[in-house]
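In our numbering, the protein residues as written are 2 to 280.
Structure, as structure tokens:
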């Protein structure tokens, strides 16, 4: 940390974030502008970022894929869409986004049909499309991070495991070390970290895209992912000192989901979502 000159944020640069980092906007005003389901967490995150900035680090929002997605929305509003999408990189992002969005719509349609096997099939299709999105995101982000050419501390979610390998493959990058904070916290709490089935499913398809072998029952993982997203809390839980309520909840729900057979997942979904008490 002391050797780093830059903190690379896993966010695109926005007008509001730029104003916050430049001192033109305070945190309370920033929270009013951004749409976040976790306002308390966001307040603490922004305080930490400003503290890093005050200590001399550059805070760099680097997420070119999402930056282009934002740019597409802005181009539509400004009536510049046709001009904006002529760019080759923008076209790549647009293609992947269209596929993922289409798969998500099919997932919602399948859910409305109340047919469990159809929902599982749609979940698999979306996970494949989402994996393509993560692969492109991490490749694009690695390119931009490599251009910084200084020591960096890089924020990356767990599912972005490909980013580390992508950075190692960049000639401009001399050394890459990673720390899995979630697993470290789980060890501190004395609990076994259990990966949620949805993330594992997406990771399998990421590995398939990059040519790595994988083992796993994808249909079962998709079924278990439906259980996990049903059970896990959607509300922000404010922790007390030294506590991690979201992690504990996520691990608990992942353990429950991962313990269930495909048939048990079907019965659960039929009872909870599809209004069927049998089979």
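All C-beta atoms in this analysis are idealised placements derived from N, C-alpha and C, irrespective of residue type, glycine included.
Note that the structure is a prediction, hence the values are computed from the model and not measured.
How big is the Cα-Cα spacing for residue i and residue j?
{"i": "residue 176", "j": "residue 228", "result": "40 Å"}
{"i": "residue 236", "j": "residue 268", "result": "26 Å"}
{"i": "residue 198", "j": "residue 223", "result": "7 Å"}
{"i": "residue 131", "j": "residue 203", "result": "7 Å"}
{"i": "residue 76", "j": "residue 194", "result": "42 Å"}
{"i": "residue 192", "j": "residue 101", "result": "34 Å"}
{"i": "residue 208", "j": "residue 160", "result": "11 Å"}
{"i": "residue 64", "j": "residue 125", "result": "26 Å"}
{"i": "residue 139", "j": "residue 162", "result": "9 Å"}
{"i": "residue 98", "j": "residue 110", "result": "18 Å"}
{"i": "residue 30", "j": "residue 113", "result": "39 Å"}
{"i": "residue 244", "j": "residue 253", "result": "15 Å"}
{"i": "residue 242", "j": "residue 32", "result": "23 Å"}
{"i": "residue 249", "j": "residue 231", "result": "16 Å"}
{"i": "residue 106", "j": "residue 4", "result": "46 Å"}
{"i": "residue 218", "j": "residue 92", "result": "33 Å"}
{"i": "residue 122", "j": "residue 149", "result": "42 Å"}
{"i": "residue 90", "j": "residue 9", "result": "22 Å"}
{"i": "residue 71", "j": "residue 104", "result": "20 Å"}
For the putative contact between residue i and residue j, defined by C-beta atoms under 8 Å, what is the C-beta separation to the nearest angstrom?
{"i": "residue 1", "j": "residue 35", "result": "Past the boundaries of the shown model lies residue 1; the chain is included only from 2 to 280, so the question cannot be answered."}
{"i": "residue 117", "j": "residue 265", "result": "That belief does not hold up - the Cβ atoms of residue 117 and residue 265 are roughly 11 Å apart, past 8 Å."}
{"i": "residue 58", "j": "residue 6", "result": "6 Å"}
{"i": "residue 239", "j": "residue 251", "result": "Contact doesn't hold; Cβ gap of about 16 Å is too wide."}
{"i": "residue 60", "j": "residue 22", "result": "6 Å"}
{"i": "residue 168", "j": "residue 146", "result": "6 Å"}
{"i": "residue 141", "j": "residue 66", "result": "5 Å"}
{"i": "residue 179", "j": "residue 165", "result": "5 Å"}
{"i": "residue 263", "j": "residue 220", "result": "7 Å"}
{"i": "residue 143", "j": "residue 115", "result": "In fact, because the Cβ distance is near 42 Å, the residues do not count as touching under 8 Å."}
{"i": "residue 44", "j": "residue 69", "result": "With a Cβ gap of about 28 Å, residue 44 and residue 69 do not count as contacting."}
Once DSSP output is grouped into helix, strand and coil, what is the label at residue i?
{"i": "residue 60", "result": "strand"}
{"i": "residue 35", "result": "coil"}
{"i": "residue 155", "result": "strand"}
{"i": "residue 194", "result": "coil"}
{"i": "residue 15", "result": "coil"}
{"i": "residue 240", "result": "coil"}
{"i": "residue 270", "result": "helix"}
{"i": "residue 98", "result": "helix"}
{"i": "residue 112", "result": "helix"}
{"i": "residue 184", "result": "helix"}
{"i": "residue 79", "result": "coil"}
{"i": "residue 167", "result": "helix"}
{"i": "residue 91", "result": "helix"}
{"i": "residue 176", "result": "coil"}
{"i": "residue 70", "result": "helix"}
{"i": "residue 107", "result": "helix"}
{"i": "residue 84", "result": "helix"}
{"i": "residue 216", "result": "coil"}
So is residue i buried or exposed if we call it buried at 16+ other beta carbons inside 10 Å?
{"i": "residue 211", "result": "exposed"}
{"i": "residue 225", "result": "buried"}
{"i": "residue 184", "result": "exposed"}
{"i": "residue 135", "result": "buried"}
{"i": "residue 47", "result": "buried"}
{"i": "residue 79", "result": "exposed"}
{"i": "residue 129", "result": "buried"}
{"i": "residue 81", "result": "exposed"}
{"i": "residue 173", "result": "exposed"}
{"i": "residue 41", "result": "exposed"}
{"i": "residue 62", "result": "buried"}
{"i": "residue 127", "result": "buried"}
{"i": "residue 120", "result": "buried"}
For the beta strand (DSSP E) containing residue i, list its first residue and its last residue.
{"i": "residue 1", "result": "Only positions 2 to 280 of the chain appear in the structure, and residue 1 is not among them; the question remains open."}
{"i": "residue 285", "result": "Residue coverage of the chain in this structure runs from 2 to 280, which leaves residue 285 outside it and unanswerable."}
Output the boundary residues of the alpha helix (DSSP H) element that contains residue i.
{"i": "residue 201", "result": "198-210"}
{"i": "residue 259", "result": "246-259"}
{"i": "residue 160", "result": "Counting along the chain, residue 160 falls outside any alpha helix (DSSP H), and DSSP gives it neither H nor E."}
{"i": "residue 26", "result": "Run containing residue 26: none; DSSP gives neither H nor E here."}
{"i": "residue 48", "result": "40-55"}
{"i": "residue 220", "result": "219-232"}
Looking at the ligand SAM, does it come within less than 6 Å of residue i, judged from the CB to the closest heavy atom?
{"i": "residue 20", "result": "Looking for the ligand SAM in the displayed structure turns up nothing, as the structure carries no ligands at all."}
Under 7 Å between C-beta atoms, does residue i make it to chain E?
{"i": "residue 47", "result": "In summary, chain E is missing from the structure at hand, where a single protein chain is found."}
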